[in-house]
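What the sequence shown shows, in the numbering used here, is residues 5 to 112, in sequence order. All C-beta atoms, glycine included, are put in the ideal place defined by N, C-alpha and C. Presented below is the structure to which this report refers.
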Amino acid sequence: MANSRKEQILSLLENDPNDTFLRYGLAMELRKEGSHAEAREQFESLMRGTPPYVAAWFMCGQMLAEMGEIEESRSVLREGVEIARQQGDAHAAGEMAELLASLGSLGE
C-alpha cells in the first residue's frame, strides 16, 4: 500500500526540516484531514519564519473562518494583509482583503 501524502511529506521533512514548501504542504494535509490544531501550529510556524510565508496567513484565516472562528480569522487576515504589503505581494494582500471583506457580515 502506498504511503499517504502526509506520510510522504513527513519523510521528506526528515531530510530537510526547514523546507518551507514541504512544511506548507504538511499544514495543508493536516487541514484536509481535519487536524485543525496541528494545521494551525504549522501555519503559525510558517508565519513566524524568515521571511514569513504569506500564503500561510490566507490558508489559516480561511480555515479559521470555516471553523466558525470569525474574529480570529479576521485578526489573522488583517495581519496577513500587512505582511503581504510589506513583502510587495499585492495579489496575496488582495485575496486576503477580499476574504476579510466577505467575513464582514458573518458573526456580527
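>> So, under 8 Å CB-CB, Val58 and Ala96 are touching, yes? Tell me the CB distance rounded to an integer number of Å.
In response: 5 Å
>> Assuming Leu17 is part of the alpha helix (DSSP H), what are its boundary residues?
In response: 9 to 19
>> In this structure, how does DSSP classify Ser49 when only helix, strand and coil are distinguished?
In response: helix
>> Contact between the region 84 to 93 and the region 47 to 64 is defined here as three or more beta-carbon pairs at a separation below 8 Å; is this criterion met?
In response: yes
> Near Gly111, which residues of its chain fall below 6 Å by C-beta distance, leaving aside the five closest residues on each side in sequence?
Replying inline: The pLDDT assigned to Gly111 is 45, lower than 50, so where the model puts this residue is not dependable; a value taken from the coordinates is nonetheless given after this. Around Gly111: Ile74.
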